[in-house]
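First comes the structure, then the notes that go with it.
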Ligand SMILES: Cc1cc2nc3c(=O)[nH]c(=O)nc-3n(C[C@H](O)[C@H](O)[C@H](O)COP(=O)(O)OP(=O)(O)OC[C@H]3O[C@@H](n4cnc5c(N)ncnc54)[C@H](O)[C@@H]3O)c2cc1C
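Residue numbers (the working numbering): 330 to 716.
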């Protein structure tokens, strides 16, 4: 494995660091205090677009366009989340909708939906909606129905917890053409903002990560042109929508895991600074906790890098991606608990960064496949059972 960052990535990380320190951390703390997401017309988002951020990784043309590679994505995700993971998700860009478009979309669909994100004229968002009130971990249970009607599909259903959905130009919505077909019935549709029948947007109340909106919404008799079905109708028994979700998760799990590493690093730095200020570093149990945080976070980072490195080589990374996703959020959560214990009363008062991270970090174990689900996947693979 090659650990070298390279000049381009090092430079990008330095930019993220400056942006994180000056803008993202303060904005994340403010959103947490106010208890509401950063609004889409916030000047910070305009500034980012002017700085050339908020763009797609897709470079155009026929390529799947994983610009910068998975290793770079993982390193940047960690650094952004070190400063504020909620703000990192709130940033303009195609978001979680990008991966299914890259893995499933036709060249024309990529051009149409990712093209405007190549050099955006204004902050733009994309979103992805898989989860439903009755279907989280068990994605095969989704009930949003897609019925063919002439040159279109009619979608009916409800989605929940979709990041940035109400401000998105489009949402990649996973639906089923026939629930009795299970995963084979799944399809992914790009539903554009303003489509009749797309509505009832409601920003969910969250314990942490308040800087970005997690939104529920409904689709009622929502007519979507057939050309918005990602990849078109599957041929030769392909599992269009579901395969896309799996592929996108494999590409994004190491990034989600590395976000947890970034958040854990922030806990470590804050706890260390607090312990130093308060003269606690003479206590062996405090030193031991801090050292354990650092050691386990480093191990978690290596798992993320390995999963990303395999992805860059286009080698199967199912187990490695699940390992990183199962391990890193647990390590970060454990760090947050230890940090709260080191801070003691100062943490319990509810105005410290460690306390905010303690509330923010649990979601990392939930999103993109919970820790339990990752462990089930790995255990089945270990003993040779089908996925
Ligand atoms: C902050 C946040 C952001 C999110 N963003 C998005 C988004 O942008 N788009 C989107 O589509 N979704 C999003 N989600 C939804 C997320 O993907 C789901 O919450 C997740 O898949 C878990 O589903 P669930 O909450 O319904 O829990 P459930 O699936 O109901 O699980 C509840 C508990 O049971 C456990 N469990 C479930 N099945 C098993 C099993 N077979 N064996 C053992 N244990 C099991 C789970 O691990 C979990 O601990 C987001 C969620 C959160 C919290």
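Every residue gets a Cβ at the ideal spot worked out from N, C-alpha and C, and that includes glycine.
Asked	Found
On the DSSP bridge assignment, give the partners of residue 666 in chain order.	Paired residue(s): none; residue 666 is not in a bridge.
Grab the span of the alpha helix (DSSP H) containing residue 355 for me, first residue to last.	354-363
Taking the alpha-carbon of residue 498 as reference, which of 512, 520, 511, 507 has the nearest alpha-carbon?	520
What did DSSP end up calling residue 697 once you bin it into helix, strand or coil?	coil
Quick test of your reading: residue 408 and residue 346, contact by CB under 8 Å. State the CB separation rounded to the nearest angstrom.	6 Å
With residue 685 as the anchor, note down where its alpha helix (DSSP H) starts and where it stops.	682-690
Check the DSSP bridge columns for residue 545 and list the partner residues they point to.	531
If you measure from the CB of residue 699, is any heavy atom of ligand 1 nearer than 8 Å?	yes
For the alpha helix (DSSP H) containing residue 499, name the first residue and the last one.	Run containing residue 499: none in the alpha helix (DSSP H); it sits in the beta strand (DSSP E), 499-505.
In this structure, how does DSSP classify residue 453 when only helix, strand and coil are distinguished?	coil
Provide the residue span of the beta strand (DSSP E) that contains residue 485, from first to last.	481-492
Between which two residues does the beta strand (DSSP E) holding residue 474 run?	474-478
At a cut-off of 8 Å, would you count residue 422 as near ligand 3, judging by its Cβ distance to the nearest heavy atom?	Because ligand 3 does not appear in the structure shown, any question about it cannot be addressed here, the ligands present being ligand 1.
Where does residue 707 sit, in a helix, a strand or coil, going by DSSP?	helix
Cβ of residue 455 versus every heavy atom of ligand 1: is any distance shorter than 8 Å?	no
If you compare alpha carbons, which of 697, 349, 510, 458 is closest to residue 414?	349
Is residue 361 close to ligand 1? I mean its beta-carbon at under 8 Å from any heavy atom of the ligand.	no
By the DSSP assignment, the alpha helix (DSSP H) with residue 340 in it spans what residues?	335-348
List the DSSP bridge partners of residue 461.	464
Measuring only from the beta carbon, is residue 467 closer than 8 Å to any heavy atom that is part of ligand 1?	yes
Let's see if you can read the secondary structure: which residues bound the alpha helix (DSSP H) around residue 674?	674-677
Shortest alpha-carbon distance to residue 552 belongs to which of 542, 526, 563?	526
Is there contact here, the segment 443-456 with the segment 418-432, by at least three beta-carbon pairs under 8 Å?	yes
Is any non-hydrogen atom of ligand 1 found closer than 8 Å to the C-beta of residue 459, if you look at the structure I gave you?	yes
Around the Cβ of residue 333, are there at least 16 other Cβ atoms within 10 angstroms (buried) or fewer (exposed)?	exposed
Indicate, with yes or no, if ligand 1 has a heavy atom lying under 8 Å from the CB of residue 490.	yes
Rank 652, 685, 654, 649 by C-alpha distance to the C-alpha of residue 666 and give the top, closest one.	685
Using only the alpha-carbon positions, how far apart do residue 693 and residue 658 sit?	6 Å
How would you call residue 515, buried or exposed, if buried means at least 16 neighbouring beta carbons within 10 angstroms?	buried
Please state whether DSSP places residue 715 in a helix, a strand or coil.	coil
From residue 433 to residue 650, what does the alpha carbon distance come to, in whole angstroms?	20 Å
Taking Cβ positions, are residue 755 and residue 488 nearer each other than 9 Å?	Here the chain has residues from 330 to 716 only, and residue 755 is not among them.
How many Å lie between residue 646 and residue 654 at the Cα?	12 Å
Under the assumption that residue 486 contacts residue 430 (Cβ atoms under 8 Å), give the Cβ distance between them as a whole number of angstroms.	Actually they are not in contact, since the Cβ atoms of residue 486 and residue 430 sit about 21 Å apart, beyond 8 Å.
Within the same chain, show all residues whose beta-carbon is closer than 7 Å to that of residue 469, passing over the 5 residues directly before and after it, in chain order.	511, 512
Mapping the DSSP letters down to three states, classify residue 644 as helix, strand or coil.	coil
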